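Reading through the structure tokens given below for one structure.
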Amino acid sequence: MKHGKKLSRPARVLTGAALLAAVAATGTVAANAADSAGTAVPASAPAAASGAAHGNLTQSTHLTIDAAVEGAQAALDAAEKDGQRVTVAVVDRNGNTIVTLRGDGAGPQSYASAEKKAYTAVAWNAPTSELAKRLQSAPNLKDIPGTLFLAGGAPVTAKGAPVAGIGVAGAPSGDLDEKYAQAGVAALGR
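Quick note on numbering: the sequence shown equals residues -33 to -1, 1 to 157 in mature numbering (1 follows the signal peptide of the UniProt record, and there is no 0).
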């Protein structure tokens, strides 16, 4: 087939059927999907249903982008109300940045620091001020890549499990940074 040439509908159906047959023949397993109510959607291949029956699937809870922006904005608003110039970062459960808001006049170092504080808070499901105290008994914790054991990070939880972290950096003290991170968490009602 030449590049750019489109297949007819019947040719696409046959190609798709051949692909499905090849996948079924090689024993590839697909995961079941779930609808918005959490009800399992029937699998088209028996292997998928078999995988689900054996507990090979898991579910996790994540913040929406709207919630992440809401939490970040609440933290930034709290800092601005106090006349502080900060950066706020929100990361997901895996430490991936969802949103970062750099306030007017925030220092250049605050961007990376806010992300690292958010990651540290979600990774250990604890405020970074508490984690900083642990360095006295375990100083090697600071060597873990991507972490920053300074006050200013707070976890966001759902049903007791961490789902995100909010990190703030740029205020003159970690206590203020953490106060603003907690304002972000509070805005999410968690």
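From the three backbone atoms N, C-alpha and C, an ideal C-beta is built for every residue, glycine too.
For clarity, every value in this text was computed on a predicted model and none was experimentally measured.
Can you grab the Cα-Cα spacing for the pair Asp110 / Ala99, in whole Å? Counting from one through the sequence shown, the residue named residue 110 turns up at place 143. Counting from one through the sequence shown, the residue named residue 99 turns up at place 132. Spanning the two alpha carbons is a distance of roughly 13 Å.
Express the C-alpha separation of Ala88 and Gly38 in angstroms, rounding to a whole number. Locating residue 38 in the sequence shown gives position 71, where the first residue counts as 1. Locating residue 88 in the sequence shown gives position 121, where the first residue counts as 1. Spanning the two alpha carbons is a distance of roughly 15 Å.
Identify, in the order they occur along the chain, each residue of the same chain with its Cβ nearer than 8 Å to the Cβ of Ser80, setting aside the five sequence neighbours on each side. Translated into the one-based positions of the sequence shown, residue 80 becomes position 113. Counting only Cβ-Cβ distances below 8 Å, and skipping sequence neighbours, we find Thr54, Leu115, Leu117, Gly119, Gly134, Ala136 and Gly137.
Would you check if the distance between the CB atom of Val123 and the CB atom of Arg60 is smaller than 7 Å? The count along the sequence shown starts at 1 and reaches residue 123 at position 156. The count along the sequence shown starts at 1 and reaches residue 60 at position 93. No, these two residues do not count as a Cβ contact at 7 Å.
Is it right to say Ile32 is buried, meaning 16 or more other beta carbons lie within 10 angstroms of its own, or is it exposed? The residue given as residue 32 occupies position 65 in the sequence shown. It counts as exposed.
Counterpart residues of residue 159 in DSSP-defined beta bridges: Given that the chain is displayed from residue -33 to residue 157, the structure contains no residue 159 and the question cannot be resolved.
Could you tell me if Thr67 is buried or exposed, where buried requires 16 or more neighbouring beta carbons within 10 angstroms of its beta carbon? Translated into positions along the sequence shown, residue 67 becomes position 100. Buried, since its Cβ has 16 or more Cβ neighbours within 10 Å.
Identify whether Pro129 lies in helix, strand or coil by the three-state DSSP scheme. Position 162 of the sequence shown holds residue 129. If DSSP states are grouped into helix, strand and coil, Pro129 belongs with the strands.
Would you tell me roughly how many angstroms separate the C-alpha atoms of Ala121 and Ala148, rounded to the nearest one? For the purposes of this step, residue 121 is taken as the residue at position 154 of the sequence shown. For the purposes of this step, residue 148 is taken as the residue at position 181 of the sequence shown. Distance between the alpha carbons of Ala121 and Ala148 is about 6 Å.
Can you list, in chain order, the residues of its chain with a C-beta nearer than 6 Å to that of Ala46? Leave out the 5 residues immediately preceding and following it. Start at 1 with the first residue of the sequence shown, and residue 46 comes out as number 79. Cβ within range, chain order: Val53 and Tyr147.
Residue burial classification, Ser140 (beta-carbon count within 10 angstroms, cutoff 16): On the sequence shown, position 173 is the one that residue 140 refers to. Exposed, since its Cβ has fewer than 16 Cβ neighbours within 10 Å.
With burial defined as no fewer than 16 other Cβ atoms inside 10 Å of the residue's Cβ, what is the status of Leu143: buried or exposed? Start at 1 with the first residue of the sequence shown, and residue 143 comes out as number 176. Its Cβ being crowded by 16 or more others within 10 Å, Leu143 is buried.
Between the Cα of Ser27 and those of Gln51, Ala125, Leu43 and Gly156, spot the shortest distance and give me the residue it belongs to. Position 60 of the sequence shown holds residue 27. Here the closest residue by C-alpha is Ala125.
Roughly how many angstroms lie between the CA atoms of Ala12 and Thr25, to the nearest whole one? For the purposes of this step, residue 12 is taken as residue 45 along the sequence shown, with counting starting at 1. For the purposes of this step, residue 25 is taken as residue 58 along the sequence shown, with counting starting at 1. Because Ala12 sits at a pLDDT of 42, beneath the cut-off of 50, its placement in the model cannot be relied upon, and the point is left open.
Do the CB positions of Ala90 and Ile65 come within less than 7 Å of each other? What you label residue 90 is simply residue 123 of the sequence shown in a count that begins at 1. What you label residue 65 is simply residue 98 of the sequence shown in a count that begins at 1. Their beta carbons are not under 7 Å apart, which means Ala90 does not touch Ile65 by this criterion.
Taking the alpha-carbon positions, what's the Gly156 to Gly132 distance? If you number the sequence shown from 1, residue 156 lands on position 189. If you number the sequence shown from 1, residue 132 lands on position 165. Approximately 14 Å between the Cα atoms of the pair.
Sequence-distant residues of the same chain with beta carbon closer than 6 Å to Asn92, five excluded per side: Sequence index remark: in the sequence shown, residue 92 carries index 125 (1-based). The answer, listed in chain order, is Pro122 and Pro129.
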